[in-house]
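Chemist: Residues 1 to 811 in UniProt numbering are what the sequence shown lists, from first letter to last.
Cβ atoms here follow ideal geometry from the backbone N, Cα and C, with glycine treated the same way.
As the structure is a computational prediction, the values presented were derived from the model and not from experiment.
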Amino acid sequence: MAKIKTQEKIIKPKSKSTNNPFNTKKEVKAKLPIFNSMITAVCIGIAAWFSYKGYLETRVNTPYDIEKLVTMAGLDIPDRYWGTYRPNVYFGMKTRDPHSLVTGLMWYSPQHLRQDGTGLRHWCEQGDNLDRYGWLEHDGRTFGVQEIVDSSVILTTTFVKRLSGQYGGDWTTKISVNSKNSKKLEQEISLLFYIATEENTKGWIEVNTDNDDTLTGMTGNTQGLGSFNINIHATKGTIKEHSFLSTISPSLTALKETVLKNLRVASYKGTNRKHIVLSGEQLSVLPDGIKEKPNFIVTQVTGKVPFEIEINYESESFSNRLNKLSNDVYDQALQKQRELFDEKFENIFKLKSKGYSSEEISFAKMAFSNMIGSIGYFYGSSQVQSVHTKGPVPYWKASLYTAVPSRSFFPRGFLWDEGFHGLLISAWDLEIELDIISHWFDLMNIEGWIPREMILGSEALAKVPDEFVTQMNTNANPPTFFLTLYYILEHKQQELLSKHFHLLDKLYPRLQAWFNWFNTTQIGELPSTYRWRGRDTDTIRELNPKTLTSGLDDYPRASHPNIHERHVDLRCWIAFAANVMFKITEILNPSYNKYEETFHYLSDNNLLNKLHWSPNTQTYSDYGLHTDKVVLQKPSLQPNAQPSEMIRVVLDDPNLRYIDSSFGYVSLFPFILHIIDPNSLQLEKVLQDLTDPDLLWTKYGLRSLARTSPLYMKYNTEHDPPYWRGTIWINLNYLTVRAAHYYSKIEGPFQSKAKKVYDDLRHNIIQNVIKQYKQSGYIWENYGDTLGNGKGSHPFTGWTSLVVLLMAEIY
Numbered sequence: 001m002a003k004i005k006t007q008e009k010i011i012k013p014k015s016k017s018t019n020n021p022f023n024t025k026k027e028v029k030a031k032l033p034i035f036n037s038m039i040t041a042v043c044i045g046i047a048a049w050f051s052y053k054g055y056l057e058t059r060v061n062t063p064y065d066i067e068k069l070v071t072m073a074g075l076d077i078p079d080r081y082w083g084t085y086r087p088n089v090y091f092g093m094k095t096r097d098p099h100s101l102v103t104g105l106m107w108y109s110p111q112h113l114r115q116d117g118t119g120l121r122h123w124c125e126q127g128d129n130l131d132r133y134g135w136l137e138h139d140g141r142t143f144g145v146q147e148i149v150d151s152s153v154i155l156t157t158t159f160v161k162r163l164s165g166q167y168g169g170d171w172t173t174k175i176s177v178n179s180k181n182s183k184k185l186e187q188e189i190s191l192l193f194y195i196a197t198e199e200n201t202k203g204w205i206e207v208n209t210d211n212d213d214t215l216t217g218m219t220g221n222t223q224g225l226g227s228f229n230i231n232i233h234a235t236k237g238t239i240k241e242h243s244f245l246s247t248i249s250p251s252l253t254a255l256k257e258t259v260l261k262n263l264r265v266a267s268y269k270g271t272n273r274k275h276i277v278l279s280g281e282q283l284s285v286l287p288d289g290i291k292e293k294p295n296f297i298v299t300q301v302t303g304k305v306p307f308e309i310e311i312n313y314e315s316e317s318f319s320n321r322l323n324k325l326s327n328d329v330y331d332q333a334l335q336k337q338r339e340l341f342d343e344k345f346e347n348i349f350k351l352k353s354k355g356y357s358s359e360e361i362s363f364a365k366m367a368f369s370n371m372i373g374s375i376g377y378f379y380g381s382s383q384v385q386s387v388h389t390k391g392p393v394p395y396w397k398a399s400l401y402t403a404v405p406s407r408s409f410f411p412r413g414f415l416w417d418e419g420f421h422g423l424l425i426s427a428w429d430l431e432i433e434l435d436i437i438s439h440w441f442d443l444m445n446i447e448g449w450i451p452r453e454m455i456l457g458s459e460a461l462a463k464v465p466d467e468f469v470t471q472m473n474t475n476a477n478p479p480t481f482f483l484t485l486y487y488i489l490e491h492k493q494q495e496l497l498s499k500h501f502h503l504l505d506k507l508y509p510r511l512q513a514w515f516n517w518f519n520t521t522q523i524g525e526l527p528s529t530y531r532w533r534g535r536d537t538d539t540i541r542e543l544n545p546k547t548l549t550s551g552l553d554d555y556p557r558a559s560h561p562n563i564h565e566r567h568v569d570l571r572c573w574i575a576f577a578a579n580v581m582f583k584i585t586e587i588l589n590p591s592y593n594k595y596e597e598t599f600h601y602l603s604d605n606n607l608l609n610k611l612h613w614s615p616n617t618q619t620y621s622d623y624g625l626h627t628d629k630v631v632l633q634k635p636s637l638q639p640n641a642q643p644s645e646m647i648r649v650v651l652d653d654p655n656l657r658y659i660d661s662s663f664g665y666v667s668l669f670p671f672i673l674h675i676i677d678p679n680s681l682q683l684e685k686v687l688q689d690l691t692d693p694d695l696l697w698t699k700y701g702l703r704s705l706a707r708t709s710p711l712y713m714k715y716n717t718e719h720d721p722p723y724w725r726g727t728i729w730i731n732l733n734y735l736t737v738r739a740a741h742y743y744s745k746i747e748g749p750f751q752s753k754a755k756k757v758y759d760d761l762r763h764n765i766i767q768n769v770i771k772q773y774k775q776s777g778y779i780w781e782n783y784g785d786t787l788g789n790g791k792g793s794h795p796f797t798g799w800t801s802l803v804v805l806l807m808a809e810i811y
């Protein structure tokens, strides 16, 4: 009994116990609703927290919720449905369809083909060491003429489109092979033309053969093309062998490897002479007895140089075809397009009337044509990440119509490059440029962020190192589309408003969101200061932590990134963007224009000078936690330890200061983007400094970093050579020439100095880019500041093609 009583005492305390919140059954009953409400509130709070957390996680890959800009795509724009939209290959056609039939060209010289695939050309590769390649003429819509010089062989690829029917009409391409050396005529070259479908392409392709099992053409039917036929035949020269391959390729990135696996050595009939042929049909019979359907068909034509083949693509929806786009009909159509191109080129750029030689004009046509001929169409899902996601997540599937910086090295979309590309493209064809802008701004997420690099599709992904694939939503890129829009407003406003006003109106909310994203996420610690995000504060390998987001990569900034940094170039970009927004708002909604106030605030020279004018060097500069006493050293090794990479060693404590030792492109941004008052003494000092040979001035253009800088031409890691640390970049040189032209036209005390800079700098850049092209066969990513030699990736017919606008004096 005692035990039971003890238990009762434990589970039934006295009713008046101060330890019990419910002193009576009546009180318990009365307070139960309160207790239940508390539990409910806690549960709701937990659910709300998880819901909000999930909301934050999904913001990075949630599209901006407003009407799309691209409402006409694919077959809605038939004259741009087919195109050379595979800039990563030497020649290839595809449609602006997410799952397109693709065509392409490979070639090799039988005596130079190796088992590892060396000698078989397909993707544009710097390692192929071609003498040169690129479009000589291309209008972005209807035709193109390309020349490829591979050792002693010259390949010329031309194409012409003809519209009719429901699926983009017909097109024909001719591929001719000639020799640079008349003594090497009769050598053999094998051309391989192929068609392929991606995994999600709805439809089929198959070969057409004659009684001897010789391929006579290809045929197929896809959702985006309907039924079509492709015929291939020789038009000139002697064809030695004709073979084909019909098989399954695992992906578009494995086409070359699939060909190599299916090449075999055979003997010419009745002789012991050997030659290389494709292995015909290589398709398995499935368990149900049905043969596999091919997704890759290649025809190989081996001929004696010189020879020529013609490929005719014909849509069966072309019901009123009077004649084939072939032979003489094709030649006449091509000649007509070339004449129209020449006429339009002169009307826009006026190089002949400016006194340029025919050789210089041919160079300009090549530079321009490679820009517009390198426009690609991509589809897929990028990879993004935010601080709220555990790791990378896929962006939504989307298409992108965009130019690319380099067919060999960067065959994909880059946000800040595209704003420069747009200057040249909009001068030629405003409709194409607005289409490009629309595609990019449809990639904006709900935050107002656009990824700085768009890697869409397997072919684009295959060219990107793993560390650059994921895009962080905290990271910006210079908003250079405002440069394009500024140019359009200055030079194409009448066409914009008469033909594309509705698009501008639809674009405006996205521009607002983009501007607001920059103006909130990239702000600095002090009012009206800005700071590029994305610098590595914990690096032990980098001499100076890179600022990839600025577009200037390894350009020296504060040695110790922190929240106190302020970047003068970013501040100027935001001021320039505010000015463009002010101009657009004046057109669309003049009754309320908040951007005018923002522009005047950020362009106030007194405030700019207070934040960024260094009293020590009398130059514009960044500000941050910095020391110049940073070196790369090999760490001390223990006995028998393996050698390790050099690490960053700080020899002196950093302090908050102006980054006086890094005079270069960043220092010019108040000048470059027209922020400096034309009457200010700062303008005189900038003009003086940029013409100083010990700082930036060279015979070939402005170097990116002064020779006096401690990091001039220094490696940033043991294996990371200098990039923006002294070499000459044409995009920033173009903006500097543009700024000198601007200040030379405004009355002020330094007008004549600006004119002198304009004339001399423009001349130096143009002459060197043309000279290096003549010597090397290429336009380059950047140029050496000592000899003016081309450096980096090539051909780089992205922003280096702005040399055409310099020649034409279009700003």
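So what does residue 399 bridge to, in DSSP terms?
Modeler: Answer by DSSP bridge pairing, in chain order: 379.
Chemist: So which of 190, 228 and 661 has the shortest CA-CA distance to residue 238?
Modeler: Checking every option, the nearest Cα to that of residue 238 belongs to 190.
Chemist: Could you tell me whether the segment 361 to 377 touches the segment 37 to 46, using the rule of 3 or more Cβ pairs below 8 Å?
Modeler: No, because fewer than three Cβ pairs between the segment 361 to 377 and the segment 37 to 46 fall closer than 8 Å, the two stretches do not touch.
Chemist: Only counting the same chain, and skipping five residues up and downstream in sequence, which positions put a Cβ closer than 7 Å to that of residue 744?
Modeler: Closer than 7 Å at the Cβ level, and outside the excluded window around residue 744, lie 751, 754, 755 and 758.
Chemist: Would you mind listing the beta strand (DSSP E) stretches within the segment 590 to 659 that are 3+ residues and don't spill past its ends, in chain order?
Modeler: Fully enclosed beta strand (DSSP E) runs of 3 or longer: 623 to 626, 630 to 633, 647 to 650 and 655 to 658.
Chemist: Do residue 596 and residue 582 have their beta-carbon atoms positioned less than 7 Å apart in this structure?
Modeler: Yes, they are a contact pair.
Chemist: Look up residue 12 in the DSSP assignment and say whether it is helix, strand or coil.
Modeler: Because the pLDDT of residue 12 is 41, which lies under 50, any placement of that residue in the model is unreliable, and the question is left without a value.
Chemist: What are the uninterrupted segments assigned as beta strand (DSSP E) that are 3 or more residues long and contained completely in the segment 51 to 128, given in chain order?
Modeler: You should have 101 to 108.
Chemist: What do you get for residue 43, buried or exposed, if any count of 16 or more other CB atoms within 10 angstroms of its CB means buried?
Modeler: The residue is exposed, with fewer than 16 neighbouring Cβ atoms inside 10 Å.
Chemist: Is it buried or exposed, residue 816, if we count other Cβ atoms within 10 angstroms and call 16 or more buried?
Modeler: The question about residue 816 has no answer here: the residues shown for the chain are numbered 1 through 811.
Chemist: DSSP puts residue 194 in a beta bridge; with which residues?
Modeler: Its beta-bridge partners are 104 and 298.
Chemist: In this structure, how does DSSP classify residue 22 when only helix, strand and coil are distinguished?
Modeler: With a pLDDT of 47 at residue 22, under the threshold of 50, the modelled position of this residue cannot be trusted; read the value that follows with caution. Reduced to three states, the DSSP call for residue 22 is coil.
Chemist: Would residue 354 and residue 346 qualify as a contact pair, given that the criterion is a beta-carbon distance under 7 Å?
Modeler: No, the Cβ-Cβ distance between residue 354 and residue 346 is not below 7 Å.
Chemist: Assuming residue 570 and residue 530 make a contact with CB atoms under 8 Å, what is their CB distance in whole Å?
Modeler: Indeed, because the Cβ distance is near 4 Å, the residues count as touching under 8 Å.
Chemist: Measure from the alpha carbon of residue 594 to the alpha carbon of each residue in 644, 111 and 512, then state which is nearest.
Modeler: Looking at the Cα atoms, 512 is the closest of the given residues.
Chemist: Can you find the residues in the same chain that come closer than 7 Å, C-beta to C-beta, to residue 849, ignoring five residues on each side of it along the sequence?
Modeler: This structure cannot settle anything about residue 849, because the visible part of the chain is limited to 1 through 811.
Chemist: Using a 10 Å radius around the Cβ and a threshold of 16 neighbouring Cβ atoms, would you call residue 46 buried or exposed?
Modeler: It is exposed - the Cβ of residue 46 has fewer than 16 other Cβ atoms within 10 Å.
Chemist: Could you tell me whether the Cβ of residue 729 comes closer than 7 Å to any Cβ of chain B?
Modeler: Of the protein chains in this structure there is only one, and it is not chain B.
Chemist: Measuring CB to CB, does residue 228 end up less than 7 Å from residue 220?
Modeler: Yes. Within cutoff.
Chemist: Taking only runs of the alpha helix (DSSP H) that begin and end inside the segment 309 to 376, which ones reach a length of at least 4 residues, in chain order?
Modeler: The qualifying runs are 327 to 349 and 358 to 373.
Chemist: Measure from the alpha carbon of residue 607 to the alpha carbon of each residue in 361, 152, 675 and 236, then state which is nearest.
Modeler: Taking only the C-alpha atoms, the option nearest residue 607 is 675.
Chemist: Taking a contact to mean a Cβ-Cβ separation below 7 Å, would you say residue 618 touches residue 685 in this structure?
Modeler: Contact flag set, yes.
Chemist: If you draw a straight line from the alpha carbon of residue 250 to that of residue 199, how long is it in whole angstroms?
Modeler: If you take the alpha carbons of residue 250 and residue 199, they lie about 9 Å apart.
Chemist: Who are residue 533's beta bridge partners in DSSP?
Modeler: Answer by DSSP bridge pairing: none, since residue 533 is not bridged.
Chemist: Among 621, 481, 610 and 632, which has the Cα closest to the Cα of residue 541?
Modeler: When only C-alpha atoms are compared, the closest one is 632.
Chemist: Counting along the chain, where does the alpha helix (DSSP H) carrying residue 852 start and finish?
Modeler: Residue 852 is absent from the model: the chain starts at 1 and stops at 811.
Chemist: Tell me which residues share the same chain as residue 226 and place their Cβ nearer than 7 Å to its Cβ, disregarding the 5 neighbours each side in the sequence.
Modeler: Cβ neighbours of residue 226 beyond the five flanking positions: 166, 167, 315, 316 and 317.
Chemist: Would you tell me roughly how many angstroms separate the C-alpha atoms of residue 280 and residue 242, rounded to the nearest one?
Modeler: Cα-Cα distance, rounded: 11 Å.
Chemist: Could you tell me the distance, in whole angstroms, from the CA atom of residue 289 to the CA atom of residue 295?
Modeler: If you take the alpha carbons of residue 289 and residue 295, they lie about 19 Å apart.
Chemist: Taking the alpha carbon of residue 83 as the reference point, which residue from 388, 378, 787 and 330 has its own alpha carbon closest?
Modeler: Here the closest residue by C-alpha is 378.
Chemist: Under the three-state reduction of DSSP, which class applies to residue 306: helix, strand or coil?
Modeler: Strand.
Chemist: Buried or exposed for residue 137, please, with buried defined as at least 16 other CB atoms from any protein chain shown within 10 angstroms of its CB.
Modeler: Label assigned to residue 137: buried.
Chemist: Taking C-alpha atoms, which residue in 67, 60 and 73 lies nearest to residue 432?
Modeler: The option with the nearest alpha carbon to residue 432 is 73.
Chemist: Alpha carbons only, please: which of 547, 701 and 81 is nearest the one belonging to residue 162?
Modeler: Measuring from the Cα of residue 162, the nearest candidate turns out to be 81.
Chemist: Considering only the alpha carbon of each residue, which of 789, 799, 773 and 793 lies closest to residue 359?
Modeler: Ranking the options by Cα distance to residue 359, first place goes to 773.
Chemist: For residue 373, I'd like the list of residues in its chain whose CB is within less than 7 Å of its CB, leaving aside the five on either flank, ordered along the chain.
Modeler: Here the set comprises 84, 135, 138 and 144.
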